[in-house]
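*Asks:*
In our numbering, the protein residues as written are 88 to 520.
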């Protein structure tokens with residue numbers, strides 16, 4: 088059978104399995120093994136599955152994933168998110184839209200110890216949403232701020248999805264983290280500007296609150312020392328060259344646990360719950376990565392990735408036009424699949440194309456993560472939106488999508504800026520390099 092036909096059947100079969108609710112990692116592994124069997128035989132296919140499983144499970148780079156997940160679980164168990172939000176609220180809450188500003192700042196701060204958009208959305212859906220509603224904020228605006236702010240949890244280092252991209256794209260994890268700094272600052276600034284515009288046009292959507300006293304601000308600052316210390320230890324140590332990313336992840340996990348214990352924020356049941364959550368997430372991610380590795384080998388072996396590159400190059404479209412078409416496709420894909428799956432399903436096709444077009448793979452990693460995360464708040468599904476609505480049934484999906492629309496537009500503007508000016512992502516990397 089022709090290799091192209093085998094590839095087409097394999098890809099179609101993978102999506103059928105996904106639609107049948109087979110776990111995505113397993114679906115990719117099955118498609119990859121069956122496809123390799125059809126191309127070169129059963130023996131090499133089984134050997135491939137075993138080899139990829141061992142290679143990924145023993146990867147020192149991927150070892151940071153469970154450690155960062157553990158750090159996030161311990162930080163959440165230690166109530167650090169509440170303290171970050173309370174500090175931002177005490178500082179910004181008296182302004183019009185101040186609680187919305189505080190939520191974005193809190194999401195960015197919590198993202199530095201969490202690494203997950205869904206976890207950030209869930210956390211601030213429990214802490215910030217009731218606070219905003221109690222101060223008279225419009226429900227649609229409040230929920231839109233939280234859903235959009237939740238995305239910061241996945242793009243602020245240490246980002247789990249960026250670690251996975253770096254490993255599979257064979258880039259240094261620290262390089263990807265450094266390259267993400269300016270895009271993150273640009274994204275946060277754009278979100279804050281969006282809030283300022285919305286509350287200026289609709290003052291009743293985000294009324295000002297009572298100004299906190301300096302005593303209250305100092306109290307909030309003292310309470311938030313643990314989160315600041317954890318971020319300083321992990322990111323300061325990594326960027327400062329004190330330890331590697333792996334060592335930083337390990338130190339962060341231990342530090343988060345010790346802080347929670349010293350402050351008496353974690354019982355034994357909380358400890359085991361954090362371990363269980365991190366283990367479940369780790370197992371799911373490793374399964375997807377192993378499946379993606381097998382599937383990627385099949386796609387490369389079939390030659391369909393090269394055909395995909397050649398077909399797009401034959402259209403004579405400008406490279407930037409091809410990138411914009413890819414972003415449109417990722418926006419749809421990101422609204423249906425969770426972030427890791429959306430990236431890994433497409434990586435064997437898209438990364439060779441990006442390199443062939445002359446773009447930096449680190450730059451593409453930042454763009455790729457950002458557009459898939461944007462899909463997390465985009466109709467028809469938008470997982471952040473669905474999660475937030477399930478936690479707050481009184482707020483309809485229509486209301487949340489209405490509130491998140493200005494942030495979708497602002498993120499699209501940021502993405503277009505990063506596409507048109509790639510040096511924004513690469514500037515710090517060149518300075519540090």
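C-beta atoms are modelled at their ideal positions from N, C-alpha and C, and glycine is treated no differently. Quantities reported herein were computed from a predicted structural model and do not represent experimental measurements.
Contact check, residue 251 vs residue 376 under 8 Å by CB: the rounded distance?
*Replies:* That pair is a contact at about 6 Å.
*Asks:* Would you check if the distance between the CB atom of residue 320 and the CB atom of residue 332 is smaller than 8 Å?
*Replies:* Cβ distance not < 8 Å, so residue 320 and residue 332 don't count as in contact.
*Asks:* Would the region 254-274 count as touching the region 484-494 if we require 3 or more Cβ pairs under 8 Å?
*Replies:* Flag = no, the region 254-274 and the region 484-494 do not touch.
*Asks:* Which one of 197, 501, 281 and 293 has the shortest CA to CA distance from residue 318?
*Replies:* Measuring from the Cα of residue 318, the nearest candidate turns out to be 197.
*Asks:* Measuring CA to CA, which of 240, 441, 336 and 303 is closest to residue 463?
*Replies:* The residue with the shortest Cα to Cα distance from residue 463 is 240.
*Asks:* Please list, in chain order, all residues of the same chain as residue 502 whose beta carbon is under 8 Å from its beta carbon, the five residues on each side excluded.
*Replies:* Counting only Cβ-Cβ distances below 8 Å, and skipping sequence neighbours, we find 414, 454, 457, 458 and 461.
*Asks:* Measuring CB atoms only, is the region 510-519 touching the region 466-481, in the sense that at least three cross pairs come out at less than 8 Å?
*Replies:* Judged by Cβ distances under 8 Å, the region 510-519 makes no contact with the region 466-481, as fewer than three pairs qualify.
*Asks:* Can you tell me the Cα-Cα spacing of residue 447 and residue 262, whole angstroms?
*Replies:* Their Cα atoms are separated by approximately 12 Å.
*Asks:* Nearest to residue 497 by alpha carbon, out of 206, 292, 120 and 235?
*Replies:* Of 206, 292, 120 and 235, the residue nearest in Cα terms is 235.
*Asks:* Shorter than 8 Å from the beta carbon of residue 396 to some beta carbon of chain D?
*Replies:* Protein chains in the displayed structure number just one, and chain D is not present.
*Asks:* Using 8 Å as the threshold, is the region 164-183 in touch with the region 299-314, meaning 3 or more CB pairs across them?
*Replies:* Flag = yes, the region 164-183 and the region 299-314 touch.
*Asks:* If I follow the unbroken alpha helix (DSSP H) through residue 155, where does it start and stop?
*Replies:* Here the alpha helix (DSSP H) through residue 155 covers 151-164.
*Asks:* With distance defined between alpha-carbon atoms, name the residue in 398, 379 and 359 nearest to residue 115.
*Replies:* For the residues 398, 379 and 359, the minimum Cα distance to residue 115 belongs to 379.
*Asks:* Could you give the uninterrupted runs of the alpha helix (DSSP H) lying entirely in the region 406-474, keeping only those of 4 residues or more?
*Replies:* List check, alpha helix (DSSP H) in window: 406-423, 426-443 and 448-462.
*Asks:* For residue 526, which three-state DSSP category applies?
*Replies:* Since the first residue shown for the chain is 88 and the last is 520, residue 526 is missing from the structure and cannot be characterised.
*Asks:* Alpha carbon to alpha carbon, how far is residue 71 from residue 491?
*Replies:* What is shown of the chain runs 88 to 520, which leaves residue 71 out entirely.
*Asks:* How far does the alpha helix (DSSP H) with residue 167 in it extend, from its first residue to its last?
*Replies:* 167-179 is the extent of the alpha helix (DSSP H) around residue 167.
*Asks:* Could you pull the start and end residues of the alpha helix (DSSP H) that residue 335 belongs to?
*Replies:* Taken as a continuous stretch (DSSP letters only), the alpha helix (DSSP H) holding residue 335 covers 332-349.
*Asks:* In angstroms with no decimal places, state the Cα-to-Cα distance between residue 513 and residue 480.
*Replies:* Rounded to the nearest angstrom, the two C-alpha atoms are 42 Å apart.
*Asks:* Rounded C-beta distance between residue 500 and residue 277? I'm assuming under 8 Å.
*Replies:* Between residue 277 and residue 500 the Cβ distance is about 7 Å, and since that is below 8 Å, they are a contact.
*Asks:* Can you check which of these residues, 493, 451 and 374, is closest to residue 139 by C-alpha distance?
*Replies:* Looking at the Cα atoms, 374 is the closest of the given residues.
*Asks:* May I ask which residues mark the beginning and end of the alpha helix (DSSP H) holding residue 312?
*Replies:* First-last of the alpha helix (DSSP H) with residue 312: 312-318.
*Asks:* Where are the beta strand (DSSP E) runs, 3 residues long or more, that stay fully inside the region 260-313, in chain order?
*Replies:* Runs of the beta strand (DSSP E) inside the region 260-313: none found.
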